[in-house]
Amino acid sequence: MTFLTGENGYLASLLHNYTRHIDYVAIFGCPSSTRDIDSNPKKLASTLDTIVLAKNLIKNKIIFASSIGSDYPGLSGSQGYYNRYKNVAEHYITNMYNDYLIYKIPRVYGPNKIKGIFKTLKDGTYVGSLETKIDYINENDFVTWFVENIDSHNKIIEYNKDFRTIKVKDLKNLIHTDELHLL
Numbered sequence: 019m020t021f022l023t024g025e026n027g028y029l030a031s032l033l034h035n036y037t038r039h040i041d042y043v044a045i046f047g048c049p050s051s052t053r054d055i056d057s058n059p060k061k062l063a064s065t066l067d068t069i070v071l072a073k074n075l076i077k078n079k080i081i082f083a084s085s086i087g088s089d090y091p092g093l094s095g096s097q098g099y100y101n102r103y104k105n106v107a108e109h110y111i112t113n114m115y116n117d118y119l120i121y122k123i124p125r126v127y128g129p130n131k132i133k134g135i136f137k138t139l140k141d142g143t144y145v146g147s148l149e150t151k152i153d154y155i156n157e158n159d160f161v162t163w164f165v166e167n168i169d170s171h172n173k174i175i176e177y178n179k180d181f182r183t184i185k186v187k188d189l190k191n192l193i194h195t196d197e198l199h200l201l
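The sequence shown maps to residues 19 to 201 in our numbering.
What follows is the structure in structure tokens.
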């Protein structure tokens, strides 16, 4: 049995074709929008509830989409809520599950990304310096990394390859010229 939460979300939708015949529970459903988290930090609790429920109902492997930011749960604001949540979820899973795989995922960008900074740059609501540099991996690298590690057990895996870097103004130009495939 495969159970994938967040299938309508960005990352899980990228993995849909690779998760059909694998026996596990994959938790990819989590608000990643800082606006969503700021408006109601309790939204994070529903994913923790799913992790706990999965433990009681399913005895298979759990795969959890964490964040490289989970090592820094002391950040303020939305990022702090998000990182603390991911950190707590990692600790729960590693202490309560017999078979787990935790992916510490960096920013993933590509032409299918429609939320977050992509949305704010597209609709003109971005607040911040256009000179800021953003580190990311592209969609194809994310899928390859996921598939390469899917058979691992009882591991927390960080993406350890080189990140790509782009200035926000260059990302904005790619969005407005429909050239996101270049990511």
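Glycine is no exception: its CB is placed at the ideal position from the N, C-alpha and C atoms.
Identity of the residues DSSP links to residue i by a beta bridge
| i | result |
| --- | --- |
| L119 | I81 and K173 |
| N156 | Y127 |
| K73 | The partner list for K73 (beta bridge, DSSP) is empty, contrary to what the question assumes. |
| K151 | K185 |
Reference residue i, options the options, closest by Cα
| i | options | result |
| --- | --- | --- |
| D196 | S64, L139, V126 and E108 | L139 |
| S84 | E108, S147, N156 and Y115 | E108 |
| I168 | Y28, G27 and L33 | L33 |
| L192 | S31, G128, A30 and I155 | G128 |
| N116 | V161, D67 and A72 | A72 |
| N212 | H194, N172, L189 and D159 | Residue numbering for the chain in the displayed model covers 19 to 201; residue 212 lies beyond these limits and cannot be assessed. |
| D153 | G27, L66, Y110 and D188 | D188 |
| W163 | E149, F181 and K185 | F181 |
| F136 | K190, D67, T68 and G27 | K190 |
| G27 | G134, L148, K151 and T150 | G134 |
Residue i versus residue j - alpha carbon distance
| i | j | result |
| --- | --- | --- |
| M19 | V70 | Residue placement at M19 cannot be trusted, given a pLDDT of 46 that sits under 50; the coordinates are not used to answer. |
| A63 | K131 | 24 Å |
| K104 | T112 | 12 Å |
| F125 | E166 | The residue you asked about is not Phe; residue 125 is Arg in the sequence shown. Distance between the alpha carbons of R125 and E166: 18 Å. |
| I175 | Y121 | 5 Å |
| K185 | G142 | 16 Å |
| T150 | L66 | 33 Å |
| D173 | V106 | Note that residue 173 is Lys in the sequence shown here, rather than Asp. So the two alpha carbons sit approximately 16 Å from each other. |
8 Å CB neighbourhood of residue i in its chain, flanking five on each side removed
| i | result |
| --- | --- |
| V145 | T138 |
| I123 | L29, A83, S84, S85, I86, F160 and Y177 |
| N156 | V126, Y127, G128, R182 and L201 |
| Y110 | L66, I69 and V70 |
| L148 | K185, V186, K187 and K190 |
Sequence-distant residues of the same chain with beta carbon closer than 7 Å to residue i, five excluded per side
| i | result |
| --- | --- |
| M114 | K73 |
| H194 | none |
Proximal residues to residue i (C-beta, below 6 Å), its chain only, five neighbours per side dropped
| i | result |
| --- | --- |
| H171 | D117 |
**Item:** Length at least 4, wholly inside the region 177-201: the alpha helix (DSSP H) runs in chain order
**Value:** 186-194
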